[in-house]
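Going down the list, the sequences are from chains H and B.
End of the first sequence = 109 in our numbering, gap-free, step of one.
End of the second sequence = 353 in our numbering, gap-free, step of one.
Don't be surprised by glycine CBs; every beta carbon is placed ideally from N, CA and C.
First the structure, in the form of structure tokens, and then the observations on it.
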Amino acid sequence: MKAWTTIVAIAGLTVVSVVTRGFFMIPDREVPIPAWLREALRYAPLAALVAVLLPEIAMTGDHLIATWKDARIYATAVAILVFVASRSLLGTILAGTAVLLALRLSLGW
Amino acid sequence: MTTPTPLWRHPEFAVGARETRDVALGIGAWGLVAGIAMSKAGLGPVFAVAMSLFVFAGSAQLAALPLMVQGAPLWVIWATAFCVNLRFIIFSAGWRPYFESLSRTKRLFLAYFTVDFTYIAFMRRFPRPGDVRAQMAYVAGNVAVSWVAWQSMTVLGVLLADVIPERWGLGFAGSLALLGITASLLADRATWIAAAVAACAALAAFALPFHLNVVVAIAAAMAVGVLIDHFSLPRTAVSEEDAA
Chain H
1 MKAWTTIVAI AGLTVVSVVT RGFFMIPDRE VPIPAWLREA LRYAPLAALV AVLLPEIAMT
61 GDHLIATWKD ARIYATAVAI LVFVASRSLL GTILAGTAVL LALRLSLGW
Chain B
110 MTTPTPLWRH PEFAVGARET RDVALGIGAW GLVAGIAMSK AGLGPVFAVA MSLFVFAGSA
170 QLAALPLMVQ GAPLWVIWAT AFCVNLRFII FSAGWRPYFE SLSRTKRLFL AYFTVDFTYI
230 AFMRRFPRPG DVRAQMAYVA GNVAVSWVAW QSMTVLGVLL ADVIPERWGL GFAGSLALLG
290 ITASLLADRA TWIAAAVAAC AALAAFALPF HLNVVVAIAA AMAVGVLIDH FSLPRTAVSE
350 EDAA
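So, in structure tokens, the structure goes:
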């Protein structure tokens, strides 16, 4: 891809970021959103999180983890325990990453 | 007219910044991995950094990159990023009632900087629309920390791409941040069920292109969430009548 095409591509992608994130913020007049939809929107962030998270922690390629020798299983388990015990996000991240690195570097899982 | 206090002096700015600080490690780890991936895709360090600075959307960038390197038509590149970003359109419907009183320029400026975590943390802090200055200050505090964490680590990732071994799996720290945020949102039976439905839908629709399974999962969880709300509401009303 030529340099100027890359610049145009990046400029366009920036516009895509603005338009998608601000989609319903664009019109000046009030956008009628029915009450049931407003209620339903409460579940959108949780669902998006779960859908993005799932392949990262529980999948290899296009299927669920099929072996016990995957460091992510233990890192995730420890992270959940730490979160339940402490409700600390930072602690959760640190504990899980520590388990992952330990298993990857020592056992190669 | 008195000059309003700058947003960063508003107490909500500190609240937004503090809450984001706790996940900044995860955001940073992801930025690092995205930077490494962008550098390895063959776009060159200057464009990789420029892309991160302007586009500011990790998953859309990573989806668009291989297409750019292959020289795909521009509209294909933009359409791909649009599809990956579809969830933001759904989020923006939720933003609208909070920031309706601002000018369009301000609304769009604010929306551009709001990544997933900004939206999630914001909705937890402000379940109902209220004082617009406080809401803006919270978003500004949140964005200030997440933008710096993401961008600085992306640049670092682009620069250190050949030094950091991939098998360390540092990106997992970003997933753990998501895991913690997800866990903090599981408050009652309805949210647990919605999360389970989202997980099943995301798995079932995994073969769809452009991460469209995320959109399918959102739609499924919203539908189930509304059903639960509607079926449990009358029961509460009845029990209240009984009590009376």
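Residue 242 (chain B) and residue 321 (chain B) closer than 9 Å at C-beta
no
Chain B contact for residue 106 (chain H) (CB, 9 Å cutoff)
no
What would DSSP say about residue 63 (chain H), mapped onto helix, strand or coil?
strand
Could one say the Cβ of residue 33 (chain H) lies closer than 9 Å to chain B's Cβ atoms, at least one of them?
yes
Test: residue 297 (chain B) CB closer than 9 Å to a CB of chain H
No - not a single Cβ of chain H is within 9 Å of the one on residue 297 (chain B).
Flag residue 36 (chain H) as yes if its beta-carbon sits less than 9 Å from any beta-carbon of chain B, otherwise no.
So yes, residue 36 (chain H) belongs to the interface.
Below 7 Å between beta carbons is the criterion; list the residues of the segment 280-292 of chain B that meet it against any residue of chain H, in chain order.
281, 282, 284, 285, 286, 287, 288, 289, 290, 291, 292
Starting from residue 90 (chain H), follow the alpha helix (DSSP H) in both directions and report where the run begins and ends.
89-107
What are the residues of the segment 216-245 of chain B that lie near chain H, defined by any Cβ-Cβ distance shorter than 7 Å?
216, 217, 220, 221, 223, 225, 228, 229, 232
Counting only the same chain and skipping the five closest in sequence on each side, list residues whose C-beta sits under 8 Å from that of residue 264 (chain B).
144, 158, 161
I want to see whether chain B comes within less than 9 Å of residue 10 (chain H), judged by CB atoms only; does it?
Taking Cβ atoms only, chain B reaches closer than 9 Å to residue 10 (chain H), which makes this a yes.
Taking residue 62 (chain H) as the query, report the chain B residues whose CB atoms sit under 9 Å from its CB, ordered along the chain.
Those are 315, 316, listed as they occur along chain B.
What does residue 66 (chain H) reach in chain B if we use C-beta pairs closer than 7 Å?
Simply none; closest approach about 14 Å.
Which same chain residues end up closer than 8 Å to residue 330 (chain B) when comparing Cβ atoms and leaving out the 5 residues on each side of it in sequence?
303, 304, 306, 307, 310
Using a Cβ-Cβ cutoff of less than 6 Å, which residues in the same chain neighbour residue 11 (chain H) once the five nearest sequence positions on both sides are dropped?
By the criterion of a C-beta distance shorter than 6 Å, residue 11 (chain H) is surrounded by no residue of its chain, once the five residues flanking it on both sides are discounted.
Tell me which residues share the same chain as residue 95 (chain H) and place their Cβ nearer than 7 Å to its Cβ, disregarding the 5 neighbours each side in the sequence.
Excluding sequence neighbours, residue 95 (chain H) sits near 78, 79, 82.
Is residue 345 (chain B) helix, strand or coil when you go by DSSP?
Any answer about residue 345 (chain B) is weak, because its pLDDT of 48 lies below 50 and its placement is not dependable; what the coordinates show is given next. Three-state DSSP puts residue 345 (chain B) in a helix.
Can you find a CB in chain B that lies within less than 9 Å of the CB of residue 73 (chain H)?
Chain B contact via Cβ: absent.
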